[in-house]
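A.B. asks:
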Amino acid sequence: MALSIELPAQGEPFQGTLPSNLAAVALLTSAAFLGGWPWALMAAILVVTLRTRESGGWAMLQAAAGGLFWLALFHWTGDRRLFFPFSMQVAASAACLWRINGKWAAVAVGALVTGVFAGIRLLQSASAHVLGVELIVAAVVLAAGLALLPYTGRWGASTAAALLALAGLLI
Numbered sequence: 007m008a009l010s011i012e013l014p015a016q017g018e019p020f021q022g023t024l025p026s027n028l029a030a031v032a033l034l035t036s037a038a039f040l041g042g043w044p045w046a047l048m049a050a051i052l053v054v055t056l057r058t059r060e061s062g063g064w065a066m067l068q069a070a071a072g073g074l075f076w077l078a079l080f081h082w083t084g085d086r087r088l089f090f091p092f093s094m095q096v097a098a099s100a101a102c103l104w105r106i107n108g109k110w111a112a113v114a115v116g117a118l119v120t121g122v123f124a125g126i127r128l129l130q131s132a133s134a135h136v137l138g139v140e141l142i143v144a145a146v147v148l149a150a151g152l153a154l155l156p157y158t159g160r161w162g163a164s165t166a167a168a169l170l171a172l173a174g175l176l177i
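Basically this note's numbering = 1-based index in the sequence shown + 6.
#1: Kindly indicate which residue of S99, F75, T120 and A100 has the alpha-carbon position closest to the one of L88.
#2: Can the beta-carbon of M94 be found closer than 8 Å to that of A167?
#3: Between which two residues does the alpha helix (DSSP H) harbouring N107 extend?
#4: For I51, count neighbouring Cβ atoms within 10 angstroms of its own Cβ and tell me buried if that reaches 16, exposed if not.
#5: Beta-carbon within less than 8 Å of L141's beta-carbon, same chain only, minus the 5 sequence neighbours each way: which residues are those?
#6: Could you give the C-beta distance for F92 and L175, rounded to a whole number, given that I count them as a contact under 8 Å?
#7: Could you pull out every unbroken alpha helix (DSSP H) segment of at least 4 residues lying fully inside the region 63 to 88, listed in chain order?
#8: Tell me whether T23 sits in a helix, a strand or coil according to DSSP, three-state version.
#9: Can you tell me whether DSSP reads S131 as helix, strand or coil?
#10: Evaluate F39 with the Cβ neighbour count: other Cβ atoms within 10 Å of its Cβ, from every protein chain shown; 16 or more gives buried, anything less gives exposed.
#11: Beta-carbon within less than 6 Å of L154's beta-carbon, same chain only, minus the 5 sequence neighbours each way: which residues are those?
#12: Could you check how far apart the C-beta atoms of L67 and G41 are, in whole angstroms? I think they sit under 8 Å.
#13: Taking C-alpha atoms, which residue in A29, P44, S26 and I106 lies nearest to G159?
#14: Quick one: what does DSSP say I142 is sitting in, helix, strand or coil?
#15: What residues in its chain sit with their C-beta under 7 Å from that of A70, if we drop five residues either side in the sequence?
#16: Alpha carbon to alpha carbon, what distance is there between L47 and A117?
#17: For W43, which residues in the same chain have their Cβ closer than 6 Å to its Cβ, ignoring the five residues on either side in sequence?
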């Protein structure tokens, strides 16, 4: 007897949760082994946020795909700065999920996740100047992500936030 998984069309909820559970496990495991505790903590925030705010499985598959992309790029290049776009994707995803509770709830959740990022960077001995620049870029990135949400959806907004964060690194 072969195991087969049929995925529904995008926007339709999964009948089961196996694909989204596998995606969450893949993201958390990869984050822990390839990125270490900072990546695993941010991945856990993403998974918990999605599990508590989202009923369908597509969101987890999309979030895991984005997270695994940043992890693979980090592992391939060894560039520790790629933690920033990954973290901003997590912050934007969380903020977008909370947008249904109002814009201030979204801003508060985005700021909370960004605060976790800043705490991690402090533990990594980031200089005040570098952390200040990262926080300014993070504020712009989150504002842009929330502004794009009505036009692109959550996946587009969080992806745009991550790409804007990457652009902020390159400037």
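From the three backbone atoms N, C-alpha and C, an ideal C-beta is built for every residue, glycine too.
C.D. replies: Well, looking at it:
#1: The closest CA to that of L88, considering only S99, F75, T120 and A100, is found on F75.
#2: yes
#3: Neither: N107 is in no alpha helix (DSSP H) and is coded neither H nor E.
#4: It counts as buried.
#5: T120 and A124
#6: The Cβ separation is near 11 Å, so there is no contact.
#7: Taking only runs of at least 4 residues, the alpha helix (DSSP H) segments lying wholly in the region 63 to 88 are 64 to 83.
#8: coil
#9: coil
#10: exposed
#11: A163 and A166
#12: Not really, about 20 Å apart at Cβ, beyond 8 Å.
#13: I106
#14: helix
#15: A29, A30, A32 and L33
#16: Cα to Cα, the separation comes out at about 16 Å.
#17: Short of 6 Å from the beta carbon of W43, and not among the five residues preceding or following it, lies no beta carbon of its own chain.
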